[in-house]
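Residue numbers (my numbering): 132 to 216.
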């Protein structure tokens, strides 16, 4: 008898998952704060740009250029610090 499903929904959703699943998302998106709608639209519009930038900046060729540039800066920094010895 303990596995019987209640006939009515919970009066108050206590867990975080229940709070998210019982939230009226459609009503909130259509009638609530206008910022919510534009934040969602902004994420959807800019996501492809960020994916493109991530792939371009983390490509193997770009990583090699970055490694060479950092090595050059490190050598210049050590050259600059020689006068302190």
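Cβ atoms here follow ideal geometry from the backbone N, Cα and C, with glycine treated the same way.
All values reported here derive from a predicted model rather than from experimental measurement.
- By alpha-carbon distance to residue 157, the top candidate from 167, 148 and 149 is 167.
- DSSP, reduced to helix, strand and coil, places residue 181 within a helical segment of the structure shown.
- Your pair residue 193 and residue 187 checks out as a contact, with CB atoms roughly 7 Å apart and the cut at 8 Å.
- Per DSSP, the continuous alpha helix (DSSP H) segment holding residue 211 begins and ends at 191-212.
- If you check the CB distance, residue 171 and residue 160 come in under 9 Å.
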